[in-house]
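Enquirer:
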Amino acid sequence: MNIAIRDRPLKLLWLEALKRRLSEEDPDFSYYHERLRRVDAGFAGERKVDREWLELVSPYTFFVMHNLILMNSAQHSHQLDTLFICTNFMLVIEIKNISGRLDFDDITHQCIRTKPDGTVEGFPNAITQTLRHLQFLKVISQNYSLPIEGAVIISNPSTIIAGHPKTIPIFHVSGLQKHLHSLFKKYSQAILSDKQLTQFVQQLLNRHQPSKTPAPLDPSRFRQGVLCPNCQYKSQMHYARGIWICSRCHYASEEIFAEALQDYRYLVRSTITNKQLREFFNIHSSDAANRILKKFQFPFTGSYKNRVYHLPENLVEYMRPFFRSS
Ligand SMILES: [Zn+2]
Numbered sequence: 001m002n003i004a005i006r007d008r009p010l011k012l013l014w015l016e017a018l019k020r021r022l023s024e025e026d027p028d029f030s031y032y033h034e035r036l037r038r039v040d041a042g043f044a045g046e047r048k049v050d051r052e053w054l055e056l057v058s059p060y061t062f063f064v065m066h067n068l069i070l071m072n073s074a075q076h077s078h079q080l081d082t083l084f085i086c087t088n089f090m091l092v093i094e095i096k097n098i099s100g101r102l103d104f105d106d107i108t109h110q111c112i113r114t115k116p117d118g119t120v121e122g123f124p125n126a127i128t129q130t131l132r133h134l135q136f137l138k139v140i141s142q143n144y145s146l147p148i149e150g151a152v153i154i155s156n157p158s159t160i161i162a163g164h165p166k167t168i169p170i171f172h173v174s175g176l177q178k179h180l181h182s183l184f185k186k187y188s189q190a191i192l193s194d195k196q197l198t199q200f201v202q203q204l205l206n207r208h209q210p211s212k213t214p215a216p217l218d219p220s221r222f223r224q225g226v227l228c229p230n231c232q233y234k235s236q237m238h239y240a241r242g243i244w245i246c247s248r249c250h251y252a253s254e255e256i257f258a259e260a261l262q263d264y265r266y267l268v269r270s271t272i273t274n275k276q277l278r279e280f281f282n283i284h285s286s287d288a289a290n291r292i293l294k295k296f297q298f299p300f301t302g303s304y305k306n307r308v309y310h311l312p313e314n315l316v317e318y319m320r321p322f323f324r325s326s
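Each residue of the sequence shown is one higher than the last, beginning at 1 in UniProt numbering.
(1) Quick one: is the Cβ of asparagine 282 within less than 8 Å of any heavy atom of ligand 1?
(2) Measuring only from the beta carbon, is arginine 21 closer than 8 Å to any heavy atom that is part of ligand 1?
(3) Three or more beta-carbon pairs under 8 Å between the region 159-173 and the region 102-115, yes or no?
(4) Would the beta-carbon of histidine 109 be found less than 8 Å away from any heavy atom of ligand 1?
(5) Quick one: what's got a C-beta closer than 7 Å to glycine 42's C-beta in the same chain, skipping five residues either side?
(6) Tell me tyrosine 309's beta-bridge partners as DSSP assigns them.
(7) Could you tell me the distance, in whole angstroms, from the CA atom of arginine 320 to the CA atom of valine 49?
(8) Give a yes or no on whether the C-beta atoms belonging to phenylalanine 63 and leucine 56 are separated by under 9 Å.
(9) Quick check on leucine 217: does DSSP put it in helix, strand or coil?
(10) Would a C-beta distance cut-off of 9 Å place histidine 172 and serine 155 closer than the cut-off?
(11) Can you round the beta-carbon distance between phenylalanine 257 and valine 308 to whole angstroms, since I take them to be within the 8 Å contact cut?
(12) Going by the C-beta, is tyrosine 239 closer than 8 Å to any heavy atom of ligand 1?
(13) Can you give the beta carbon distance from phenylalanine 222 to arginine 21, rounded, assuming they're within the 8 Å contact cut?
(14) In terms of alpha-carbon separation, which member of Ala44, Tyr264, Asn314 and Ala190 lies closest to aspartate 81?
(15) Can you tell me whether glycine 126 is buried or exposed, with buried defined as 16 or more other CB within 10 angstroms of its CB?
(16) May I ask whether a heavy atom of ligand 1 can be found less than 8 Å away from the beta carbon of arginine 248?
(17) Using the Cβ count rule (16 or more neighbours within 10 Å means buried), how would you classify aspartate 28?
(18) Are asparagine 88 and tyrosine 239 touching if we call contact CB-CB under 9 Å?
(19) With distances taken Cα to Cα, identify the nearest neighbour of histidine 179 among Ser211, Ile153, Thr198 and Gln189.
(20) Once you ignore the five residues that flank isoleucine 191 on each side, which residues in its own chain have a CB closer than 8 Å to its CB?
(21) In or out: glutamine 75 buried (at least 16 other Cβ within 10 Å) or exposed?
(22) If you draw a straight line from the alpha carbon of histidine 109 to that of leucine 277, how long is it in whole angstroms?
(23) Run the CB neighbour count on aspartate 263, radius 10 Å, all protein chains shown included, and call it buried at 16 or more, exposed below.
(24) Using 8 Å as the cut-off, classify the Cβ of tyrosine 251 as near or not near the heavy atoms of ligand 1, replying yes or no.
(25) Based on Cα-Cα distance, which residue from Ser235, Asp117, Arg269 and Ala215 lies nearest to histidine 250?
(26) Let me check understanding here. Comparing Cα to Cα, which of Ala289, Glu255, Arg8 and Ile3 lies closest to lysine 275?
(27) State the beta-bridge partners of asparagine 2 as determined by DSSP.
(28) If you drop the 5 nearest sequence neighbours on each side, which residues of the same chain put their C-beta closer than 6 Å to that of alanine 260?
(29) What does lysine 96 pair with, by DSSP beta-bridge criteria?
(30) On a Cα-Cα basis, can you pick out the residue from Gly242, Glu34, Leu311 and Val120 that is closest to phenylalanine 266?
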């Protein structure tokens, strides 16, 4: 079995960075707060479903891919929450972590959630989304003629699945194993050899388009500097001899800089110069800024004076070994 590990989506990391820094007075504060809540819930739901794969006993060789983003010929993206693919068939899974009562309207193609207090809200219809993915996969897998199935999984066990069309099965996460076993029975004939399967999976992975960070906000809208986690990121920390100290509660940390620089990477840009470092993090001396940039051995381009440092992905992890205490 080959089961990929689901990474925290870039959108979630971006929203988390923004949450630490966006001022509560910002007109879009509650909008981003709500988006973070939804994306975070979505990710938690997906992780819950992911655990099921570890328990799967499959009679066929299989792969499980998460968050596969593929572009169709019109350059519109298909984001597949999970794609299960084995030698006999493939299964596209759309995962929803929505609480309350869900009604899927076949005519309006809307998904309506009713909360216990009676509040009604609209959500993108997972069934329509899945049908769209199935159409697309049919086109790109033509050479392999592998049967394609779809399913919508509700990851919140207390959600009530009310009205829904019969086009695509929709069930709770607890029903996944049973559903897979029914598909193993339905498609008992292998279409692909193990080698062809691996080849097809590789083709899909080659087509994968990593997601991009949302359009940057004007940096004047969020708090700059290294912010104190002890003060809910509301007060600034000052740099003194390699250590950051909170001006309000005097909490001191060396490593907190990694998180702050990661916020910078998500919210501002993925490169930094000596001047930009001083401005954003409120460091007075150019020499001190230089020492910081050198210490972490960031890759750079440009000559000494105009040097541009490139901040690696997974910055917090990248920077960890460079701290004194580690
Ligand atoms: Zn503090």
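C-beta: ideal position from N, C-alpha, C; glycine also.
Expert: Once the coordinates are examined:
(1) no
(2) no
(3) yes
(4) no
(5) Within the same chain, Asn97 come within 7 Å of glycine 42 by CB-CB distance, once the 5 residues on both sides are set aside.
(6) Answer is Ile272 and Phe300, bridged to tyrosine 309.
(7) One Cα belongs to arginine 320, the other to valine 49, and the distance between them is close to 31 Å.
(8) no
(9) coil
(10) yes
(11) At roughly 19 Å, the Cβ-Cβ gap does not stay under 8 Å, so phenylalanine 257 and valine 308 are not in contact.
(12) Checking every heavy atom of ligand 1 against the Cβ of tyrosine 239, none is found closer than 8 Å.
(13) 4 Å
(14) Measuring from the Cα of aspartate 81, the nearest candidate turns out to be Ala44.
(15) Note that residue 126 is alanine in the sequence shown, not glycine. The residue in question, alanine 126, is buried, as its Cβ has 16 or more Cβ neighbours within 10 Å.
(16) yes
(17) exposed
(18) no
(19) Ile153
(20) Thr87, Asn88, Phe89, Tyr144, Ser145, Leu146 and Pro147
(21) exposed
(22) 49 Å
(23) It counts as buried.
(24) Yes, since a heavy atom of ligand 1 falls inside the 8 Å radius drawn around the Cβ of tyrosine 251.
(25) When only C-alpha atoms are compared, the closest one is Ser235.
(26) Ala289
(27) Phe63
(28) Val226
(29) Ile154
(30) For the sequence presented, residue 266 should be read as tyrosine rather than phenylalanine. Per the Cα distances, Leu311.
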